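Colleague: In this text, residue positions in the sequence shown follow this note's numbering: the first is 38, and each later residue adds one. Backbone N, C-alpha and C define an ideal beta-carbon position, used for all residues, glycine too. Computed from a predicted model, the values in this text were never measured in an experiment.
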Amino acid sequence: MSTVTGSSRKTATVSLLDPLMWIRAQIGSDRTIVWVSIIALTFLAAVLRIYNIENQSLWRDEGISYSLSHQESLPDVFSTLANNDLHPPFYFVLLYFAIELLGKSVFALRLISAVAGIILIPLGYAIGKRLFNQWVGLLNALIITISPFLIRYSQEARQYNLLALMAAFTLYFAIRWYQKPDNRQLIPYVISGALLIYTHTWGFFFLAALNLYLVVDLWLNTSRQRELPGWIVGNVIIGLLYLPWLPSMLQQLDFRTDWITTTDSPFQLLRLTFEYWTAAARATPFYLLIFLIGVLYLFDIELRPFKMSLGKNSGKVMLLIVTALATLVIALVLNEFKPSFKPDRYTIVVYPIFTLLLALGIVNLRFRWVMLGALFILMALWARKDLYYLRDPYKSVARDVAADLNVNVKPNDVIVFTPDPLGQSVQFYLTTDNFMLGYANWTSMSDWNIDGWVDAWFKDDLQPATLALLDERLAGDACLWLVYAPGPISIPDAENVTDDFLVAVEERYTLVREFRGYDEGFSEPPFEDMQLDQYCGKREALTRRFG
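1) As a quick exercise: from Val520, Ala83, Ile367 and Arg545, pick the residue whose alpha carbon is nearest that of Leu179.
2) Which complete alpha helix (DSSP H) runs does the segment 483-571 hold, if anything under 4 residues is left out?
3) Pull the bridge partners of Ser462 from the DSSP assignment, please.
4) CB Val434 to CB Pro281, shorter than 9 Å?
5) Tell me which same chain residues have a C-beta within less than 6 Å of the C-beta of Pro243, skipping the five on either side of it?
6) Tell me the rounded alpha-carbon separation between Asp98 and Ala439.
7) Determine the contact status of Thr298 and Arg308, defining contact as a CB-CB distance below 9 Å.
8) Tell me which residues share the same chain as Ile327 and place their Cβ nearer than 8 Å to its Cβ, disregarding the 5 neighbours each side in the sequence.
9) Counting C-beta neighbours from all protein chains within 10 Å, is the total for Gly475 16 or more, i.e. buried, or is it exposed?
10) Any idea which residues DSSP pairs Ser191 with across the strands?
11) Applying the criterion that 16 or more other CB atoms from any shown protein chain within 10 Å of the CB defines a buried residue, is Gly352 buried or exposed?
12) Counting along the chain, where does the alpha helix (DSSP H) carrying Ile452 start and finish?
13) Within a Cβ cutoff of 7 Å, which residues of the same chain sit near Ile87, ignoring the five residues on either side of it in sequence?
14) What's the C-alpha gap between Pro159 and Ser560?
15) Could you tell me which residues DSSP pairs with Leu309 in its beta bridges?
16) Can you give me the C-alpha to C-alpha distance between Ile275 and Thr182, rounded to a whole angstrom?
17) Do you know offhand how far Phe127's Cα is from Arg195's?
18) Give the single residue among Ile487, Val534, Val451 and Asn478 whose Cα lies nearest to the Cα of Cys516.
19) Please name the residue or residues paired with Gly475 in a DSSP beta bridge.
20) Using a Cβ-Cβ cutoff of less than 6 Å, which residues in the same chain neighbour Tyr388 once the five nearest sequence positions on both sides are dropped?
21) Taking the alpha carbon of His237 as the reference point, which residue from Tyr197, Val520, Val370 and Arg545 has its own alpha carbon closest?
22) Assign Lys47 to buried or exposed, taking buried as 16 or more other Cβ atoms, counted over all protein chains shown, within 10 Å of its Cβ.
23) In whole angstroms, what separates the C-alpha of Val444 from that of Glu551?
24) Is the segment 214-221 in contact with the segment 252-269, if contact means three or more CB pairs nearer than 8 Å?
25) Phe129 and Leu105: beta carbons closer than 9 Å?
26) Alpha carbon to alpha carbon, what distance is there between Glu373 and Val273?
27) Return the first residue and the last residue of the alpha helix (DSSP H) that Asn401 is part of.
28) So Pro125 and Met286 are supposed to be a Cβ contact under 8 Å. How far apart are they, rounded?
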């Protein structure tokens, strides 16, 4: 099997797989150009990731990030995560300190993701340069800089950008050790690998895929078999470092994840993954073509006469392909047993490999103007999406709903969220201390528990018990404010439970106000839509009406 050692080709021949020597020679002749380019791209990335970072309202998952991290102490963060979430603690520990240092603000919540996205630029360059050459590294840094997928998650208070960053660090340090085996080189790999699996459980899939290639390669290369024990020891240490969280992870694995259930086939999930990565469903074939051309870097190709053989870079490209593909295959297989595949989020763990293969694909185009044309199309398509993410509202109307409630809710009024996770994002903006109820899982935010969330929707007394509680609370002139998401929920066999509850409320209480204008500023339906109704008094006892 080919190895991943070596840097770049030295031949001056412009072939199908080694074009644009004039650019590479220009870059290689002056290191200043390289560093100025990296600094400029990093600055541009910072602008794109910080600009308007508070423009979008928090949505449900970001509200959950806040409620999990906003605890009295750090040990409370660990215990809350173990009992109320599916993820390991690294990101939430960072978020806890961000809130402690910067206070409660959208900027504080999203800053970690933005910083992770900025660091990816020089790191993407370093990976491309170490595996191939400076030009591939710079092009990879450019693609990462303008990627709408990464910009979106750089402005979201979730761990996904941190997951991509830790995966990229792990890949970089693994390559560095492989090219220069040394026990000291294992230390940063062990640290980054441990932080990777402490960021997201998909980190295990990435490590397994990475080791699938490197262990087999070391084993088949007789001259390097003596290095295999050291590599195995490094990975064992990563596993040992995870032992403190292992009991919590096993507890989390027992939680039901029915809301992630999908009817899509594995091939459909892969198609969706590419569509989310490219941020343009109709343009996905273009990106896929460039991606596949990057895969061709496996081969040396001559046109006259036609010859194709494994090239000097085949081992490096194979490392990328196996790591990315095996990660996704492992996730798809496990998804058949426990729903856990989210093509728009968790797959970000291998996104740094996708961008690098895109860079290779552009470099592999034979003619200068073809390459520049492909790069221009890629940048134009993504710039359009970047403008949408940075300028137009698209996430949620939670902030607007909370503003309406803050103005109009009276002290004895009751606020109900259905489905209950909507309350996570709205509550961040609420300034009232009214009694709140999440249908179907909590009577206060502190009662919310993911362990029983799915089962709660199937309780026989769910609706009558909730209505009885509302009757008790809605005494005198107290009103009910119902915040809900229209349409079925994503739990199989419980899709209509929310709609049935809405019908029961409408039959029981008198609607005095409904508002549907929160999404008027959206060019497309918001990612998280909400509607707000106000009910005052039983239908048979209405004494006043307003709206």
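Modeller: According to the structure data:
1) For the purposes of this step, residue 179 is identified with residue 142 of the sequence shown, where counting begins at 1. Residue Ala83 is the option with its Cα nearest to Leu179.
2) 490-493, 499-510 and 534-545
3) Taking the sequence shown and counting its residues from 1, the one referred to as residue 462 is at position 425. Beta-bridge pairing links Ser462 to no other residue.
4) Counted from its first residue, the sequence shown places residue 434 at position 397. Counted from its first residue, the sequence shown places residue 281 at position 244. No, these two residues do not count as a Cβ contact at 9 Å.
5) Working through the sequence shown from its first residue, we reach residue 243 at position 206. The amino acid occupying residue 243 in the given sequence is Phe; Pro does not appear at that position. Around Phe243: Ala204, Thr364 and Val386.
6) Within the sequence shown, the letter at position 61 stands for residue 98. Within the sequence shown, the letter at position 402 stands for residue 439. So the alpha carbons of these two residues sit roughly 16 Å apart.
7) As a working mapping, residue 298 is identified with position 261 in the sequence shown. As a working mapping, residue 308 is identified with position 271 in the sequence shown. No, these two residues do not count as a Cβ contact at 9 Å.
8) Along the sequence shown, one-based indexing puts residue 327 at 290. Closer than 8 Å at Cβ, skipping near neighbours: Leu395, Gly398, Ile399, Ala411 and Leu415.
9) On the sequence shown, position 438 is the one that residue 475 refers to. That one is buried.
10) On the sequence shown, position 154 is the one that residue 191 refers to. In DSSP, Ser191 forms no bridge with anything.
11) By one-based count along the sequence shown, residue 352 stands at place 315. So Gly352 counts as buried.
12) Along the sequence shown, one-based indexing puts residue 452 at 415. Note, Ile452: premise wrong, no alpha helix (DSSP H); beta strand (DSSP E) at Val451 to Thr455.
13) Against the sequence shown, residue 87 aligns to sequence position 50. Closer than 7 Å at the Cβ level, and outside the excluded window around Ile87, lie Ala151.
14) Numbered from its first residue, the sequence shown carries residue 159 at position 122. Numbered from its first residue, the sequence shown carries residue 560 at position 523. Cα-Cα distance, rounded: 34 Å.
15) The count along the sequence shown starts at 1 and reaches residue 309 at position 272. According to DSSP, which records beta bridges pairwise, Leu309 is partnered with nothing at all.
16) For the purposes of this step, residue 275 is identified with residue 238 of the sequence shown, where counting begins at 1. For the purposes of this step, residue 182 is identified with residue 145 of the sequence shown, where counting begins at 1. Taking the straight line joining both Cα atoms gives about 30 Å.
17) Looking up residue 127 in the sequence shown gives position 90. Looking up residue 195 in the sequence shown gives position 158. Going by the C-alpha atoms only, they are around 11 Å apart.
18) Taking the sequence shown and counting its residues from 1, the one referred to as residue 516 is at position 479. Here the closest residue by C-alpha is Val451.
19) Mapped onto the sequence shown, residue 475 falls at position 438. Phe454 and Trp479, per the DSSP bridge assignment.
20) For this step, residue 388 is matched to residue 351 along the sequence shown. So the list reads Ala201, once near-sequence residues are dropped.
21) Taking the first residue of the sequence shown as position 1, residue 237 is located at position 200. When each option's Cα is compared against that of His237, the closest is Tyr197.
22) Taking the first residue of the sequence shown as 1, we reach residue 47 at position 10. Summary for Lys47: the model assigns pLDDT 41, below 50, so the residue's position carries little reliability, and this model does not support an answer.
23) Residue 444 sits at position 407 when you count from the first residue of the sequence shown. Residue 551 sits at position 514 when you count from the first residue of the sequence shown. Rounded to the nearest angstrom, the two C-alpha atoms are 15 Å apart.
24) yes
25) For the purposes of this step, residue 129 is taken as residue 92 along the sequence shown, with counting starting at 1. For the purposes of this step, residue 105 is taken as residue 68 along the sequence shown, with counting starting at 1. A contact, by the Cβ cut-off of 9 Å.
26) As a first step, residue 273 must be located in the sequence shown, where it is residue number 236. As a first step, residue 373 must be located in the sequence shown, where it is residue number 336. Whole-angstrom Cα-Cα distance: 28 Å.
27) In the sequence shown, residue 401 corresponds to position 364, counting from 1. No alpha helix (DSSP H) holds Asn401; DSSP gives it neither H nor E.
28) Along the sequence shown, one-based indexing puts residue 125 at 88. Along the sequence shown, one-based indexing puts residue 286 at 249. Between Met286 and Pro125 the Cβ distance is about 7 Å, and since that is below 8 Å, they are a contact.
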